[in-house]
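K.L.:
Add 4 to the 1-based position in the sequence shown for my numbering, that's all there is to it.
No residue lacks a Cβ here, since even glycine has one placed at the ideal position from N, Cα and C.
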Amino acid sequence: MQFRRYLILPAILALSACASMTATPPVTQPSSDAAFGEVHFPPAPRQIALVNPFTGVSAGLEPLPTPTHDLWDRIVRGYAIPDVDGPLVDQWEQWYEDRPDYVARMIERSRRYLYHIVNEVQRRHMPLDLALLPMVESAFNPTALSSARASGIWQFMPATARTWGLQQNWWVDSRLDIIAATNSALDYLQQLYTDLGDWQLALAAYNWGEGNVQRAVARNRARGLPTDFASLRGVPDETRNYLPKLQAIKNIVADPERFHLALADIPDAPYFTIVRTTVHMDVKRAAELAEMPLDEFLALNPQHKRPVIFGADDYAILLPIDKAEIFAAKLDLINQPLVSWEAHRMVRGESLSQVALRYGMSLETLKSVNGIGPHSTVPPGYCLLVPTQRPSEANAESLENAVFTTVPVGRTFYYRVQRGDTLNRLAARYGVSTQDIRHWNRLASNSVRVGQRLRITSDAVRTPVREARGGHARIAHAAPAARHGRVATRGKVEPRAVHVAARKPAHGRAASHRGTVAHVVASHPPPGHAPAAKRRTSGTTELAESSVRATSAR
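(1) Could you give the distance in angstroms between the alpha-carbon of Val343 and the alpha-carbon of Gly156?
(2) Would you kindly check if the distance between the Cβ of Leu403 and the Cβ of Trp444 is under 9 Å?
(3) Pull the bridge partners of Gly276 from the DSSP assignment, please.
(4) Is it true that the CB of Val257 sits closer than 9 Å to the CB of Trp76?
(5) According to DSSP, is Val359 part of a helix, a strand, or is it coil?
(6) Taking contact to mean at least 3 C-beta pairs separated by less than 8 Å, is the segment 125 to 133 in contact with the segment 150 to 164?
(7) What are the residues that DSSP puts in a beta bridge with Leu389?
(8) Would you decide whether Asn316 is buried or exposed? Buried here means 16 or more other CB atoms lie within 10 Å of its CB.
(9) For Pro86, tell me which candidate among Ile270, Gln204, Leu427 has the shortest Cα-Cα distance.
(10) Give the straight-line distance between the Cα atoms of Ala283 and Leu304, rounded to the nearest whole angstrom.
(11) DSSP beta-bridge partners for Tyr3?
(12) Does Met285 come out as helix, strand or coil in the three-state DSSP assignment?
(13) When burial is assigned at 16 or more other CB atoms within 10 Å of the CB, is Glu141 buried or exposed?
(14) Whole angstroms are fine: how far does the CA of Arg116 sit from the CA of Met365?
(15) Would you call Gly435 buried or exposed, if buried means 16 or more other Cβ atoms sit within 10 Å of its Cβ?
(16) Closer than 7 Å by C-beta to Ser437: which residues in its own chain qualify, once you throw out the five before and the five after it? Chain order, please.
(17) Measure the C-alpha to C-alpha separation of Arg433 and Phe408 and round it to an integer number of angstroms.
(18) Span of the alpha helix (DSSP H) holding Tyr210?
(19) Only counting runs of 4 or more residues, tell me where the alpha helix (DSSP H) segments fall wholly within the segment 116 to 191, in order along the chain.
(20) Tell me whether Asp425 sits in a helix, a strand or coil according to DSSP, three-state version.
(21) Nearest by alpha-carbon distance to Val122: which of Asp199, Arg109, Val80, Glu101 is it?
(22) Give me whichever residues DSSP pairs with Tyr319 in a beta bridge.
(23) Thinking C-beta only, is Pro104 closer than 9 Å to Ala266?
(24) Classify Leu337: buried if its beta carbon has 16 or more other beta carbons within 10 angstroms, exposed otherwise.
(25) For my contact list, His264 and Glu101 are in at a C-beta cut-off of 8 Å; report their separation, rounded to the angstrom.
(26) Across which residues does DSSP place His308 in a beta bridge pair?
(27) For Leu427 and Pro91, what's the separation of their Cα atoms in angstroms?
(28) Within the same chain, show all residues whose beta-carbon is closer than 8 Å to that of Ala208, passing over the 5 residues directly before and after it, in chain order.
(29) Measuring only the C-alpha atoms, how far is Leu250 from Leu137?
(30) Can you have a look at Arg310 and say buried or exposed, based on whether 16 or more other CB atoms are within 10 angstroms of its CB?
(31) So the alpha helix (DSSP H) Asn245 belongs to, where does it begin and stop?
(32) Is it right to say Gly215 is buried, meaning 16 or more other beta carbons lie within 10 angstroms of its own, or is it exposed?
(33) Would Leu196 and Ala206 be called neighbours here (beta carbons separated by less than 9 Å)?
(34) Could you round the C-beta distance between His348 and Leu298 to whole angstroms and report it? I think they count as a contact, below 8 Å.
(35) Can you tell me which of Glu261, Glu124, Ala143 puts its alpha carbon nearest to the alpha carbon of Leu193?
(36) For Thr416 and Val93, I'd like the C-alpha separation in whole angstroms.
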């Protein structure tokens with residue numbers, strides 16, 4: 005009995021201990037295959053698929069913009085043209101410091117174009133200082149026009165522009181085309197550097213003309229003098245100020261606070277992309293399709309001289325990155341003509357006032373649309389661009405069949421053809437086209453003969469120069485020197501572009517926009533390009549009014 009008590013007592017104590025403790029689960033012995041044990045992670049969350057808006061597929065979520073650096077920092081790191089200093093640099097620094105509003109407007113304008121220019125300069129392994137050159141030339145005003153007829157942000161003269169492949173006709177002026185003019189300007193600057201071997205001399209030649217710089221260098225070399233830019237003699241005031249002005253801008257961009265200025269931040273990201281289309285349309289309608297204000301559309305596409313995008317089979321339209329997909333989608337879906345202008349041919353006895361009244365527009369508007377000067381007259385048979393009641397396919401057909409020519413603007417004079425003259429040379433000399441000269445003189449071909457008297461209208465006429473010939477004095481009109489005098493042709497490289505191609509019309513009908521195929525490809529990754537304001541302000545304005553223009557070199 006006593007023995008049984010001793011057996012029961014430990015059992016009771018063990019049961020009471022179990023009642024106050026949590027049971028411990030049995031430990032599983034690890035297998036020999038997992039020497040360090042297995043680690044079990046929780047299931048991964050579903051991956052969020054971010055859709056590129058440029059693939060043409062709608063997306064519920066938009067990708068977050070990629071963080072970008074400031075474009076100014078990239079430019080400053082790429083400075084490679086030797087600095088200049090002296091009183092002229094100090095004067096230009098003070099000039100800009102005294103005009104913060106001017107600087108702000110110039111910077112605001114540049115934000116549309118500067119990223120593309122920087123990319124092109126860097127792609128060619130050129131100094132990034134050159135990306136700031138349009139600030140000297142035009143203050144980034146895309147429609148800047150000098151008194152010597154240099155135009156666009158790179159300020160090309162008409163004849164030089166043609167030399168470098170920039171088209172100028174009744175419909176477009178490629179000197180104002182941001183892509184084309186930038187390509188041509190950089191081609192020319194590269195050629196100048198190749199010829200002169202010095203970036204300061206190349207910039208002087210861009211402004212003054214390569215021939216002038218080469219002669220100045222040759223004179224110094226013949227006299228045993230240094231041939232750097234600062235040592236050249238006979239340099240005009242504008243060219244003498246050209247490099248100091250660029251240097252002042254470089255210094256301000258590098259350290260704006262030193263000059264009590266603030267420059268608006270410009271992200272190191274693309275502002276625009278390129279849309280290619282074969283569709284003819286009103287400029288205003290194109291802006292509406294892109295959901296843009298008309299002035300903003302024209303700031304990116306200033307080369308169109310008329311209210312209709314016309315005159316070629318294929319067009320490149322620049323649009324902000326976030327507008328390209330909208331434009332392409334709407335153009336693909338639209339089922340109506342987009343041209344609301346047609347051609348009107350003047351008949352004998354008809355006046356411009358009568359035409360304006362007939363089409364419900366003012367005389368000033370009619371002249372402005374057609375590029376007719378305030379005191380110019382148009383002959384019978386001349387084609388005018390006039391509005392219609394509504395867009396139609398017939399409008400586009402009338403424009404296709406019409407031949408639009410430029411109404412003479414400027415001073416009219418008569419030129420006696422000399423030995424060695426050709427129609428092409430005369431057209432280049434006076435900044436007009438061979439077609440203009442043929443039209444004014446009713447020539448059947450481009451052939452001219454010595455002694456032939458030609459009527460020419462041009463505002464590029466210079467002061468007559470007396471030349472001795474055979475013991476007699478004769479009067480000859482001096483040809484205006486080229487704004488950029490180097491003649492060469494180089495291949496153009498264009499960034500990848502958005503393509504919007506219209507299907508060919510069936511059965512010979514005029515192309516409509518139903519069935520337009522829109523294939524959209526991003527020209528750059530689509531990071532956000534909204535500026536983050538820091539220590540800088542924004543802005544734009546006209547040409548630097550204090551700059552002395554050496555018009556004879558342009």
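P.N.:
Walking through what the data contain:
(1) 27 Å
(2) no
(3) Checking the sequence, you will find Phe at residue 276 rather than Gly. Answer by DSSP bridge pairing, in chain order: Pro324.
(4) yes
(5) helix
(6) no
(7) Ala347
(8) Asn is not the amino acid found at residue 316; the sequence shown has Ala there. That one is exposed.
(9) Gln204
(10) Note that residue 283 is Val in the sequence shown, not Ala. Between Val283 and Leu304, the C-alpha separation is close to 18 Å.
(11) Lying before the first or after the last residue shown, residue 3 is absent from the chain, which here runs from 5 to 558.
(12) Reduced to three states, the DSSP call for Met285 is strand.
(13) buried
(14) 34 Å
(15) buried
(16) Ala431
(17) 23 Å
(18) Residues 203 to 212.
(19) 118 to 127, 137 to 141, 162 to 167
(20) coil
(21) Val80
(22) Paired residue(s): Thr281.
(23) yes
(24) exposed
(25) Correct: roughly 6 Å between the Cβ atoms.
(26) Val176
(27) 47 Å
(28) Answer for Ala208: Val217, Phe233, Leu236, Val239, Thr243, Tyr246, Leu247, listed in chain order.
(29) 7 Å
(30) buried
(31) Unbroken alpha helix (DSSP H) run through Asn245: 241 to 258.
(32) exposed
(33) yes
(34) Not really, about 24 Å apart at Cβ, beyond 8 Å.
(35) Glu124
(36) Spanning the two alpha carbons is a distance of roughly 42 Å.
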